[in-house]
């Protein structure tokens, strides 16, 4: 492919410009939400919860969880709301008429979601770092980055699938409230799964979000509930499989070109 | 002269509706081609298939020889479509909208042409205005600009003047005519038949997913060399009812073949005791050709 004639860099640029123009809502709002979670949960639970055998304070434990949760939620929000708005407004036609291939559509949308997720994640980290400055000394930053990239790609893909499938905004909310939110909250953002009863521990191991959060946290502490290589393999596998599914959907034209 | 747009036996069904039922036509490069038909005739479906927005159940469509499915990149580069719906992206300004559309086609250094488009479409004062703040007519101009931003050889305009003021209509047609003179192929669908009559060299008429007429404008007009009687009356004599082309609040348009038929119509009115409010004879124009074809009369002649 001759890169100078490719359309996807412009689609990526458009996706970035779109959320940048409403950054109050797309970046600052989620940072504030995460900060509120931190203030409330750490205040209430700091003295009562012990994690990783007492080697890490609860506040320090919570911050990477909140960062990753923000990355995941905002990656999903970016693709799902962008594509859904285009479908509802009818301006999706501007993307369907040019010679953009399914791979270009997928790459540009998901890359846009990853950037939004990472920008919000960095924002959350920057404002919460004040409460646990020791987090800056990460033993394995590469691991954290790998999980952030793969996690945001997974949620970006899920957002695309949700918006392709949905016919109204209600259905996007349903996707978010009944799938994304429970999986995120039950993934160990707020607690170490070792503090759960055995049944819930087992169930947590079936939740791919658990591996994203746990692996991401490994980058900060060198400690985790599951072996980081296992987590990485599972998360990378999910990202790969979901990419294939999303590409196949785009290629089929399902609900977009009918 | 080579073929700009070729459609071969294209069929498309939506649920129980056969939107297109074996449509074939070829438009040559440089033509100004009209695609006419009542609502639901399949015009927009056909355009959507050319643009790759809809997939045909059967048949082939090619733009400049490029199949719209298997060589969609080349086909879409050659095609510019002005959609019927007045759509826009509320996040961007007019210039951003055009630059982004240009980039989708891989043209990232297109400023000179975008400036020219803004100028021709009288959008220069609005170039940095947000799309949301534009009037309907202005938004329509931006849509035209977006369709032309990659200088396509073939330009499809789907009802471009619906709801557009007279001034814009004139300036739009001046611009489109200029593009046509420069060698661009134009395909136009419109409800304003006088527009089609003034602009198009050749015309295809669609009805219920089928091509019912496809000929030069002159041939279509001369094929129905008959006259049209415009009659204002309470009703039309029973025997003449099948020849009513259109009726609207006591005004009837009745097709006749020659002047002699007028005498028979007058006699029938007298016998049935129908008072004549007004009566006028009209030359055939495209609207009457259209009404005759769509009414079923002259269908065989058209085929």
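Residue numbers (the working numbering), protein chains in the order written: chain A, 35 to 292; chain B, 3 to 305.
C-beta: ideal position from N, C-alpha, C; glycine also.
Nothing here was measured: the structure is a model prediction, and the numbers come from that model.
### Message
Going by beta-carbon coordinates alone, are residue 161 of chain B and residue 187 of chain B separated by less than 8 Å?
### Response
no
### Message
Within 10 Å of its beta-carbon, does residue 122 of chain B have 16 or more other beta-carbons around it, so buried, or fewer, so exposed?
### Response
buried
### Task
Determine which residues of the region 98-123 of chain B have a Cβ less than 9 Å from any Cβ of chain A, and write them out in chain order.
98, 99, 101, 102, 103, 104, 105, 106, 107, 108, 109 and 110
### Task
Assuming residue 65 of chain A contacts residue 158 of chain A (C-beta within less than 8 Å), just tell me the rounded distance between them.
5 Å
#### Entry: Cα-Cα separation between residue 82 of chain A and residue 187 of chain A, rounded to whole angstroms
35 Å
### Message
By the three-class DSSP mapping on this structure, what secondary structure does residue 112 of chain B have?
### Response
coil
### Message
Between which two residues does the alpha helix (DSSP H) holding residue 82 of chain A run?
### Response
No alpha helix (DSSP H) contains residue 82 of chain A, which DSSP labels as neither H nor E.
### Task
Report the neighbours of residue 56 of chain B on chain A: residues whose CB is nearer than 7 Å to its CB, in chain order.
291 and 292
### Distance between residue 42 of chain A and residue 139 of chain A (C-alpha atoms, nearest Å)
7 Å
### Query
Of all Cβ atoms in chain A, is any one closer than 8 Å to the Cβ of residue 301 of chain B?
The pLDDT assigned to residue 301 of chain B is 38, lower than 50, so where the model puts this residue is not dependable, and the model offers no usable value.
### For residue 209 of chain B, three-class secondary structure by DSSP
strand
#### Entry: the region 71-89 of chain B: positions lying closer than 9 Å to chain A by Cβ
74, 75, 76, 77, 78, 79, 81, 82, 83, 85, 87, 88 and 89
#### Entry: Opening and closing residue of the beta strand (DSSP E) in which residue 251 of chain A lies
Per DSSP, residue 251 of chain A belongs to no beta strand (DSSP E); it is in the alpha helix (DSSP H), 242-255.
### Message
If you follow the alpha helix (DSSP H) that residue 204 of chain A is in, where does it begin and where does it stop?
### Response
203-209
### Query
Based on Cα-Cα distance, which residue from B:235, B:203, B:237 and B:12 lies nearest to residue 30 of chain B?
B:203
### Message
Suppose contacts are defined by Cβ-Cβ distances below 8 Å. Is residue 143 of chain A in contact with residue 72 of chain A by that definition?
### Response
no
### Query
To the nearest whole angstrom, what separates the beta carbons of residue 209 of chain B and residue 24 of chain B, a pair I think is in contact under 8 Å?
Contact doesn't hold; Cβ gap of about 13 Å is too wide.
### Query
Is the shortest distance between the beta-carbon of residue 169 of chain A and the beta-carbons of chain B less than 8 Å?
no
### Query
From what residue to what residue does the alpha helix (DSSP H) around residue 290 of chain B run?
288-296
### Query
Can you name the start and end residues of the beta strand (DSSP E) that residue 282 of chain B belongs to?
278-284
### Message
Please report the straight-line C-alpha distance between residue 174 of chain B and residue 198 of chain B, rounded to a whole angstrom.
### Response
14 Å
#### Entry: DSSP three-state assignment for residue 16 of chain B, whether helix, strand or coil
strand
### Query
If contact means a Cβ-Cβ distance below 8 Å, which residues of the region 216-243 of chain B contact chain A?
none
### Message
Can you pull the chain A neighbours of residue 91 of chain B, defined as C-beta to C-beta under 9 Å?
### Response
48, 52, 119, 120, 123, 125 and 128
### Query
In its own chain, which residues sit with a C-beta less than 7 Å from the C-beta of residue 280 of chain A, not counting the 5 before and 5 after it?
140, 191, 194 and 195
### Message
So, at 6 Å on beta carbons, what are the nonlocal neighbours of residue 10 of chain B in its own chain, with the 5 sequence-adjacent residues on each side left out?
### Response
26, 61 and 62
### Query
Would the region 94-107 of chain B and the region 65-75 of chain B be scored as touching if the rule is three or more Cβ pairs under 8 Å?
no
### Message
Tell me which residues share the same chain as residue 293 of chain B and place their Cβ nearer than 6 Å to its Cβ, disregarding the 5 neighbours each side in the sequence.
### Response
247 and 248
### Task
Quick one: list the residues of chain B neighbouring residue 21 of chain A, beta-carbon separation under 9 Å, in chain order.
No information on residue 21 of chain A is available, as it lies outside the stretch 35 to 292 that chain A covers here.
### Task
Let me know the secondary structure DSSP gives residue 153 of chain A once reduced to three states.
helix
### Query
For the region 50-111 of chain B, which segments carrying the alpha helix (DSSP H) assignment without a break, of at least 4 residues, lie completely within its bounds, in sequence order?
74-79 and 96-106
### Query
For residue 210 of chain B and chain A, any beta-carbon pair shorter than 8 Å?
no
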